[in-house]
Amino acid sequence: MSTNWQTKKLGEVCDIFNGNSINAKIKKEKYYGLKIGNSFIATKDVGFNNGINYENGVKIPKDEIKFKISKKNSVLICAEGGSAGRKIGFTENDVCFGNKLFSINSEKQDNKFIYYFCFTDYFQKEFRKSLTGIIGGVSLKKFKNIQIPLPPLPKQQRIVKILDEVFADVAKAKENAERNLQNAKGLFESYLRSIFVNLGKNWDEKKLSEVCEKITDGTHQTPKYFDNGFIFLSSRNVRSGRIDWNKIKYIDKKQHLEMHKRVVPKINDILLAKNGTTGVAAMVDKDVDFDIYVSLALLRAKEMIEPNFLLYFVNSPVAKKQFDKRLKGSGVPNLHLEEIREVVIPFPKSIKEQKSIVAKLDVLSVETKKLEAIYKQKLTDLEELKKSVLKKAFAGELVQEKNTVPVAQMVAPSPFIRNQVHAAIIDQVTKNSGSTTEVAVAKYDHLLQEIFGLNLGYQFQTQQFGPFDAQIKRLIYSGLGPNKWFTKRSGMIVFGNNINTLLLRQSNLYRAAQSAMKELTKLGITKLDADKVELLSTICHSIKETKSIVSDKVREFMSQWPADGNRTKADKFSSEQTQKCLDFIVKNNWHLKLL
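For the sequence shown, my numbering begins at 2 and goes up steadily by one.
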């Protein structure tokens, strides 16, 4: 921490107090539906995303002085219950508020600085240490004793400005990642639904009772558990498509033998959760002795149905819709066995066709899970980024890194420096006997900017030559012209007589480009011909635009992209080439930079 920073208790620099409690009946009769007054903010109105719901329908007339007011630009933090310390908001106007919230406001400090402090690991740790009671709450006295590092006010304001920008960028990135995560899940769900809605020729429809030789459930008696013995599974062990064998319970041999009189699960059986989380199924993938609880239904397919096909159906939106219609009971919904037996499954009569559908679904499922993992990791990384920036901010070490600024906002390097980058490209590719046509060089520019993060300042467009900017062509021609930095030989651009004048003073960007090109050399990319470099750049650009590494989605984008003549990129490059290129990109984790 810098020497001009001070450490103070929150209570020494802030006015901190909790709000008012309102009887639910009185709230409804007297304050609900008013058009004028201060919004009354309860714990539920402060979101985990730090937003505050001012339009909850409850307002307090301004002449009712018994209600405490949290001023505009104050911090509201939940002080009691499961969301204590986790729900934090910053008020946009004066509000009344509940007694489980603390209002924090300072006349001499920047309140937004205090708001950001509440997200730091240090504050959260101190807050948790102060929690007491069964419900879990922090007293006003203990809260006021939490210490905060305080720089001079101008420094606070500068830090807040940076944090505002960082948090806004992170929020936008999280929103995109969450949307992409849902889109990835939705893509598979949509395809799965289409399989069981758009039926092909020679398909049949039967009840599950007609295609399964057994539909039953586990024991209806709550067993006695032991530290070891025979595995006992319930609905909590079943996830969509798989069984969680880690968090299992055990029963003794006596109970096991009794339960086996009812049902003996075996490999390839389908286990369907029928209590609580309904319509979620997994296949028994281990040849192991175990028993099941009543919350699980067991479905065993007849020979007319491929077990994996049955599993995909049971987990499909088409099956879930039928399950939902048949839910029984109030409170925790459940499926009765007789209702499960009545569910109708459409299926190809040919086992071969069923297996073909399963194979396609398996491939799409794997790709979808890859995407989900990418977006989940991105969300985790964004949270870590926030923590890292906050830690620097309150240690007095916060600086705005140049590479955190989006490429579009960076100052583009001069034409001279850009041509130094072209020199680094041409030098390495020429050494490895690769292609150095204008188009190929443009593709390398694209890879250096999009994969390696070099600030070349290009806004790539999907034009005839792919991610290709007219500036690049003009830049290369300027080097070929009077400057004579480059020359053409057999259609390839190579060093010209005046190359030394271009490289007399080497820029940092030139050295970074040299380093990146050596990385491409290790991967064999600098040996590629023009078409293969074009394919790689095209797929990278398609991934960035579609936010997907699913081959079908990438090729759909390519099919709308002119290549040459009347051909599109999808015509020029085959499905096999596309998939191989996608596999190469994923293997080297480039997709993480593009998605």
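We put the beta carbon where it would ideally sit given N, CA and C, even for glycine. All figures in this text were calculated on a predicted structure; none of them were measured in a lab.
Ranked by Cα distance from I17, the first of L141, D122, K113 and K36 is L141. With fewer than 16 other beta carbons inside 10 angstroms of its own, G566 counts as exposed. DSSP, read as helix, strand or coil, puts G90 in strand.
Under DSSP, the beta-bridge partners assigned to M284 are I271.
The alpha-carbon separation between K519 and N456 amounts to approximately 18 Å. Assignment of beta-bridge partners to M493 by DSSP yields R490. Counting only unbroken stretches of 4 or more residues, the alpha helix (DSSP H) elements lying wholly within the stretch 290-346 are 308-315, 318-326 and 338-343, in sequence order.
In the structure shown, the three-state DSSP call for N181 is helix. Apart from sequence neighbours up to five positions away, no residue of its chain approaches K207 with a beta-carbon distance below 6 Å.
Beyond the five residues adjoining it in sequence on each side, V390 comes within less than 6 Å, by CB distance, of V167 in the same chain, given in chain order. Bounds of any beta strand (DSSP E) do not take in V534; it lies within the alpha helix (DSSP H) bounded by A531 to T547. Within its own chain, the residues whose Cβ lies closer than 7 Å to the Cβ of V139, once the five positions on either side in sequence are excluded, are A80, A85, F128, S131 and L132, listed in chain order.
Following the DSSP letters along the chain, one finds F417 inside the alpha helix (DSSP H) bounded by residues P416 to K432. Under the DSSP assignment, N498 falls outside any alpha helix (DSSP H); it carries neither an H nor an E label. Contact annotation: I500 and A564 have beta-carbon atoms that are not nearer than 9 Å.
Under the DSSP definition of a beta bridge, P150 partners with T8. Counting only runs of at least 3 residues, the stretch 65-152 fully encloses the following beta strand (DSSP E) elements, listed from N- to C-terminal order: 76-79, 89-91, 96-98, 102-106 and 148-151. With contacts defined by Cβ atoms closer than 9 Å, N21 and F98 form a contacting pair.
If you draw a straight line from the Cα of F68 to the Cα of F103, it is about 14 Å long. Contact between I427 and F496 holds: their C-beta atoms lie close to 7 Å from each other, under 8 Å. Secondary structure note for T217: its beta strand (DSSP E) is the uninterrupted segment C213 to D218. Excluding sequence positions up to five before and after V161, its CB lies within less than 8 Å of the CB of D111, K113, F114 and Y117, all in the same chain and listed in chain order.
Exclusion of the five residues before and after T217 leaves R263, V264, A298, L299 and L338 as the residues of its chain whose Cβ lies within less than 8 Å of its Cβ. For E546, same chain residues with a beta-carbon under 7 Å away, outside a window of 5 residues either side, are F558 in chain order. When Cβ pairs closer than 8 Å are counted between the two stretches, the stretch 358-371 is seen not to touch the stretch 147-161, the count staying below three. By the criterion of a C-beta distance shorter than 7 Å, R194 is surrounded in its chain by S317, P318 and V319, once the five residues flanking it on both sides are discounted. Close CB contacts of E373 within its chain, under the 7 Å cut and outside five residues either way in sequence, are with L182, A185 and K186 (chain order).
With at least 16 other beta carbons inside 10 angstroms of its own, Q256 counts as buried. In the structure shown, the three-state DSSP call for I160 is helix. Counting every other CB atom within 10 Å of its CB across the protein chains shown gives H447 a total of 16 or more, marking it as buried.
At least 9 Å separates the beta-carbon of F227 from that of D292. For I136, the number of other beta carbons within 10 angstroms of its own is below 16, and it is reported as exposed. In the DSSP assignment, the residues bridged to T569 are P563. Bridge pairing for N276: N335 [DSSP]. Minimum Cα-Cα distance from I252 among the listed residues K225, E451 and C15 corresponds to K225. Only residues of its own chain outside the window of five on either side were considered, and among them K175, A178, E179 and L182 have a CB closer than 8 Å to the CB of L380, listed in chain order.
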